[in-house]
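Asker:
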Amino acid sequence: MIRILASDIDNTLFSHQTYSIPAVNLAAADRLREQGVELVLATARIYAGVRKLEAQLQMKEKGGMIIASAGAELIDCFSGIRTVLHSLSAEQIQMLKQFSDAHSGVTLAVQQEDLMVADGYDASLDSDRTIVGIDFLVVGSDFFSYIQKPACMAGLTGDPDQLDEIEAAARRTLRDVTLTRSGPGFLDITPQGVHKALTLRQLCEKRGISLKELAAIGDGNNDREMLAEAGLSFAPNNAVEAVKTQVDQLVGSCEEGAFAQAVAMILNQNEKEQNHGTV
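With the working numbering as the guide, the letters of the sequence shown map in order to residues 13 to 291.
Laid out in structure tokens, this is it:
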């Protein structure tokens with residue numbers, strides 16, 4: 013039996029073409045919860061970029077969890093409890109700033125609760141502001157005076173072609189952090205070993221649920237660990253190639269109802285198992 017569905021947001025549940033959750037996916041979320049399967053949103057977005065979707069999905073009323081900042085934060089929607097699980101140290105942020113300063117055309121953004129503090133602004137950050145709806149505070153030489161709270165994650169952004177070289181340099185230079193190319197213009201940075209799957213494992217342990225009872229759907233490189241952990245995994249047919257080759261089942265694109273198709277398969281499997289008296 014599948015008891016939890018962990019879903020990526022961008023280009024999986026939420027369409028970047030329409031800037032919305034397709035109606036078919038919204039309806040599927042209700043069916044999923046009506047059948048007793050918990051919904052967990054697992055995203056690299058900071059929590060501020062999930063709140064509108066949390067409201068659309070009525071998660072505060074119907075329950076569910078949000079794994080935000082690529083696994084560094086956990087939000088219990090029903091209780092409203094928000095927990096910082098992991099954060100970058102002051103020394104690590106200093107290291108990231110030095111790296112950013114040494115590479116022209118690259119922007120560093122550091123999370124400060126519901127705000128991203130950035131040392132510049134570029135097209136990738138602008139798309140994040142437009143699509144995700146988060147705020148950026150662009151600061152200059154006094155950058156560190158704005159870093160006063162735990163930084164769950166950071167990111168390096170820039171032109172996608174240039175970021176290929178920057179990523180290679182970052183992997184040679186930056187130590188004790190996790191680097192994930194979450195999109196063409198985005199290199200996400202989290203504390204070492206922190207990703208969506210780590211928090212999912214902890215959540216399953218707390219719930220007394222085995223990983224075989226976990227399903228997951230996602231489309232990007234930052235979903236690969238959770239898809240590998242899940243007992244049943246799905247990906248949209250326009251996911252990155254590495255993801256498409258590792259999952260149990262491909263479904264349609266987000267706009268074609270990828271999430272809804274996964275939900276239908278999960279509920280069908282659960283019904284068959286119930287009818288056969290298996291767990």
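Cβ coordinates follow ideal geometry from the N, Cα and C atoms, glycine included.
Find the nearest neighbour of S91 within the set T190, G232, M71, T119, judged by alpha-carbon distance.
Answerer: S91 has its Cα closest to that of M71, out of T190, G232, M71, T119.
Asker: Does I93 pass the burial test, meaning 16 or more other C-beta atoms within 10 Å, or should it be called exposed?
Answerer: Flag for I93 reads exposed.
Asker: Just how far apart, CA to CA, sit S27 and E268?
Answerer: About 10 Å.
Asker: Is T30 helix, strand or coil when you go by DSSP?
Answerer: Here T30 sits in coil by DSSP.
Asker: Spatial neighbours of R236 within its chain, please: C-beta separation below 7 Å, excluding the five flanking residues on both sides.
Answerer: For R236, where only same-chain residues beyond five positions count, the Cβ hits under 7 Å are A254, V255, Q258.
Asker: What does the alpha-carbon distance come out to for the pair Y158 and A54?
Answerer: In a straight line, the C-alpha of Y158 is about 27 Å away from that of A54.
Asker: Contact defined as beta carbons within less than 8 Å: I believe V52 pairs with M77. What is the distance between those atoms, to the nearest angstrom?
Answerer: Confirmed, about 5 Å.
Asker: Out of E285, N250, Q124, point me to the one whose CA is closest to Q160's CA.
Answerer: The shortest Cα separation from Q160 among E285, N250, Q124 belongs to Q124.
Asker: Check whether the stretch 133-144 touches the stretch 92-106, counting contact only when three or more Cβ pairs, one atom from each stretch, lie closer than 8 Å.
Answerer: These segments do not touch.
Asker: Inspect the CB distances between the stretch 13-22 and the stretch 271-280 and report whether three or more fall short of 8 Å.
Answerer: In short, these stretches touch, since the Cβ pair count reaches three.
Asker: Report yes or no: do three or more beta-carbon pairs, one from the stretch 78-86 and one from the stretch 209-219, lie closer than 8 Å?
Answerer: Short answer: they touch.
Asker: With a 10 Å radius around its C-beta and 16 neighbouring C-beta atoms as the bar for buried, classify T192 as buried or exposed.
Answerer: Buried, because 16 or more other Cβ atoms sit within 10 Å of the Cβ of T192.
Asker: Grab me the residues of G61's own chain with a C-beta within less than 7 Å of its C-beta, minus the 5 sequence neighbours each way, in chain order.
Answerer: Contacts found: V144, G145, I146.
Asker: With a threshold of 6 Å on Cβ separation, who are the neighbours of S245 within its own chain once the five nearest residues in sequence on each side are excluded?
Answerer: So the qualifying residues of the chain are A228, L239, V259, D260.
Asker: Skipping 5 residues on each side, what residues in its chain have a beta carbon closer than 7 Å to that of S136?
Answerer: For S136, where only same-chain residues beyond five positions count, the Cβ hits under 7 Å are T169, G170, G197, F198.
Asker: So, do the stretch 102-116 and the stretch 32-44 have three or more beta carbon pairs nearer to each other than 8 Å?
Answerer: No, the stretch 102-116 is not in contact with the stretch 32-44.
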